[in-house]
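If you use this note's numbering, the sequence shown corresponds to residues 219 to 537, in order.
Just so it is clear, CB atoms sit at the ideal spot from N, CA and C, and this is done for glycine as well.
Since this is a predicted model, take the numbers as computed values, not measurements.
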Amino acid sequence: MTFAGIKIGHSTDHEHHTGCTVFLCPERTVASVDVRGPAPGSREAALLAPDKPIEYVNAVVFSGGSAFGLATADGAMRYLAEKGIGHFTPIRPIPIVPAAIVYDLFLGGGEHLPGAEMGYAACLDAAQQADGAELPQGNVGAGAGVTVGKWAGFQTMMKGGFGLAQETIGEVEIAAAAVVNAVGDILAPDGSVLAGARSPAGQWLATQDPYRRFADRPPAGDDLALGTNTTLVLVATNAPLNKIGCNRLSQRAHDALAIAIRPAHTTHDGDTVFALATGRVEPAPFDLLANVAVEVVAEAIRNAVRHASSVAGVPGLAG
Numbered sequence: 219m220t221f222a223g224i225k226i227g228h229s230t231d232h233e234h235h236t237g238c239t240v241f242l243c244p245e246r247t248v249a250s251v252d253v254r255g256p257a258p259g260s261r262e263a264a265l266l267a268p269d270k271p272i273e274y275v276n277a278v279v280f281s282g283g284s285a286f287g288l289a290t291a292d293g294a295m296r297y298l299a300e301k302g303i304g305h306f307t308p309i310r311p312i313p314i315v316p317a318a319i320v321y322d323l324f325l326g327g328g329e330h331l332p333g334a335e336m337g338y339a340a341c342l343d344a345a346q347q348a349d350g351a352e353l354p355q356g357n358v359g360a361g362a363g364v365t366v367g368k369w370a371g372f373q374t375m376m377k378g379g380f381g382l383a384q385e386t387i388g389e390v391e392i393a394a395a396a397v398v399n400a401v402g403d404i405l406a407p408d409g410s411v412l413a414g415a416r417s418p419a420g421q422w423l424a425t426q427d428p429y430r431r432f433a434d435r436p437p438a439g440d441d442l443a444l445g446t447n448t449t450l451v452l453v454a455t456n457a458p459l460n461k462i463g464c465n466r467l468s469q470r471a472h473d474a475l476a477i478a479i480r481p482a483h484t485t486h487d488g489d490t491v492f493a494l495a496t497g498r499v500e501p502a503p504f505d506l507l508a509n510v511a512v513e514v515v516a517e518a519i520r521n522a523v524r525h526a527s528s529v530a531g532v533p534g535l536a537g
């Protein structure tokens, strides 16, 4: 997978079920973001708004560890600074590294959190990536400790993960990566449940409660807690887009969350989509890019659970 010229690296703590994922961007990669979940955790998101003048980013970081995990971006900044990469200023280049996090403290107990060292290690992993190499999915990087199907309580959840998908039309590539830590169920293309809340007998609870009802307020104990779920997406194309175009692409990509996750964008989620354009080929019609982006993002979300392995008693589709 070429992923529109962006290199992807992971640092994974398999023992404590957490980690981070870094997307190293080629020079002059344009980026924007659309945050729709009401419980997000992010860094430099405001900078990516279409009315802000800085267009280019040097890397994007996805991390576990909740807000603690934003420290992984410090490691990515150090890696880029060592190479003299960043936004020009009169004194020194400043690496532009937006970041977003998921809450993955349940499986590891929150005792070992991703930090700057893991962000740096993920950059090294990305830099060593061979062009066209097969990229890992499932319980890697920021997908190491994530879960899905928590709308009926933590006892019903299944393993989420990190997923990828890509489509090529002529020379144009549209690729997506997703870290899936949803309160909702993940749906197959036919609308059936692929992974999600299950009864003790292994049946999908959505068949008993198609509205997937959960408490309006975060209760105590083992029920839902506000802000403990988020799906992070990065969609990229090698076609040129300006910052407004990237923002529109990030908006359209949210359609895929509504297609592949039920429910999405809830009070308990921080759903966030970044859109990047590396501009390596000739322009393509925007609506074509957006229509394909919806398909590849939905497939990346599904691949995240298809490749997720069982951890600490939480079942995964990969066994």
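- Evaluate the contact criterion for the region 398-407 versus the region 238-249: three or more CB pairs, one atom per stretch, below 8 Å. Touching, no, given that fewer than three Cβ pairs across the two stretches are closer than 8 Å.
- Length of the line joining the Cα atoms of residue 253 and residue 316: For residue 253 and residue 316, the distance between alpha carbons rounds to 13 Å.
- Query: On the three-state DSSP scale, how would you describe residue 523?
  - Reply: Helix.
- Task: Would you decide whether residue 437 is buried or exposed? Buried here means 16 or more other CB atoms lie within 10 Å of its CB.
- Result: With a pLDDT of 45 at residue 437, under the threshold of 50, the modelled position of this residue cannot be trusted, and the question is left open.
- What do you get for residue 410, buried or exposed, if any count of 16 or more other CB atoms within 10 angstroms of its CB means buried? A residue is called buried when at least 16 other Cβ atoms come within 10 angstroms of its Cβ; residue 410 does not meet this threshold and is exposed.
- In chain order, which continuous runs of the alpha helix (DSSP H) of length 4 or greater are located wholly inside the region 243-309? Complete alpha helix (DSSP H) runs here, min 4: 290-300.
- Task: Inspect the CB distances between the region 263-282 and the region 300-316 and report whether three or more fall short of 8 Å.
- Result: The answer is yes - the region 300-316 touches the region 263-282, with three or more Cβ pairs under 8 Å.
- Query: At which residues does the beta strand (DSSP E) containing residue 482 begin and terminate?
  - Reply: Segment: none, residue 482 is in no beta strand (DSSP E) and carries neither H nor E.
- Query: What is the DSSP secondary structure of residue 416, counted as helix, strand or coil?
  - Reply: Look at residue 416 here: in three-state DSSP terms it is strand.
- Task: Let me know the secondary structure DSSP gives residue 462 once reduced to three states.
- Result: Here DSSP, grouped into helix, strand and coil, assigns residue 462 to helix.
- Could you check what DSSP says for residue 509 in three-state terms: helix, strand or coil? Judged by DSSP in its simplified three-state form, residue 509 adopts helix.
- Sorted by chain position, which residues of the same chain lie with C-beta nearer than 7 Å to residue 459's C-beta, five sequence neighbours on each side aside? Answer for residue 459: 248, 467, 495, listed in chain order.
- Message: Give me the residue from 232, 523, 364, 484 with the minimum Cα distance to residue 429.
- Response: Nearest C-alpha to residue 429: 484.
- Item | Residues that residue 529 bridges to, as DSSP identifies them | Per DSSP, 532.
- residue 517 by DSSP, collapsed to three states: which one? Correct three-state label for residue 517: helix.
- Query: Using the C-alpha atoms, what's the distance from residue 308 back to residue 407?
  - Reply: Rounded to whole angstroms, residue 407 to residue 308 spans 51 Å at the Cα level.
- Item | Exposure label - residue 384; buried when at least 16 CB within 10 Å | Buried, by the Cβ-count rule.
- Contacts around residue 439, its chain only, beta-carbon distance under 8 Å, and the 5 residues preceding and following it disregarded: Bear in mind that a pLDDT of 46 at residue 439, under 50, signals an unreliable position, so the model cannot answer this.
- Item | Among 394, 375, 335, 386, nearest to residue 531 - alpha-carbon criterion | When C-alpha distances from residue 531 are compared across 394, 375, 335, 386, the shortest belongs to 375.
- Could you check which residue in 369, 361, 390 has the C-alpha nearest to that of residue 321? The alpha carbon of residue 321 has as its nearest neighbour, out of 369, 361, 390, the alpha carbon of 361.
- Specify, as a first and last residue, the run of the beta strand (DSSP E) that residue 385 falls within. Its beta strand (DSSP E) spans residues 379-387.
- Between the region 363-382 and the region 521-535, are three or more C-beta pairs nearer than 8 Å? Contact between the region 363-382 and the region 521-535 is present, because at least three Cβ pairs lie under 8 Å.
- Relative to the alpha-carbon of residue 544, which residue among 327, 231, 391, 355 has its alpha-carbon at the smallest distance? Nothing can be reported for residue 544, as the shown portion of the chain is limited to 219 through 537.
- Task: Ignore the nearest five residues each way along the sequence and tell me which others in residue 491's own chain have a CB closer than 6 Å to its CB.
- Result: Around residue 491, the same chain offers 252, 451, 468, 471, 472 as residues with beta carbons nearer than 6 Å, after the five sequence neighbours per side are excluded.
- Item | Helix, strand or coil at residue 477 according to DSSP, with G and I counted as helix | Secondary structure at residue 477: helix, using DSSP grouped into helix, strand and coil.
- Task: Taking all protein chains shown into account, decide if residue 482 is buried (16 or more other Cβ within 10 angstroms of its Cβ) or exposed.
- Result: The residue is buried, with at least 16 neighbouring Cβ atoms inside 10 Å.
- Message: Tell me which residues share the same chain as residue 231 and place their Cβ nearer than 8 Å to its Cβ, disregarding the 5 neighbours each side in the sequence.
- Response: For residue 231, same chain residues with a beta-carbon under 8 Å away, outside a window of 5 residues either side, are 237, 326, 330, 332, 336, 362 in chain order.
- Message: With H, G and I counted as helix, E and B as strand and the rest as coil, what does DSSP make of residue 235?
- Response: If DSSP states are grouped into helix, strand and coil, residue 235 belongs with coil.
- Message: For a test of the three-state rule: what should DSSP assign to residue 472, helix, strand or coil?
- Response: If DSSP states are grouped into helix, strand and coil, residue 472 belongs with the helices.
- Message: Suppose you measure from the CA of residue 457 to the CA of residue 501; what does that come to, to the nearest Å?
- Response: Approximately 5 Å between the Cα atoms of the pair.
- For residue 362, three-class secondary structure by DSSP: If DSSP states are grouped into helix, strand and coil, residue 362 belongs with coil.
- Message: Whole angstroms are fine: how far does the CA of residue 461 sit from the CA of residue 447?
- Response: Roughly 28 Å separates the two Cα atoms.
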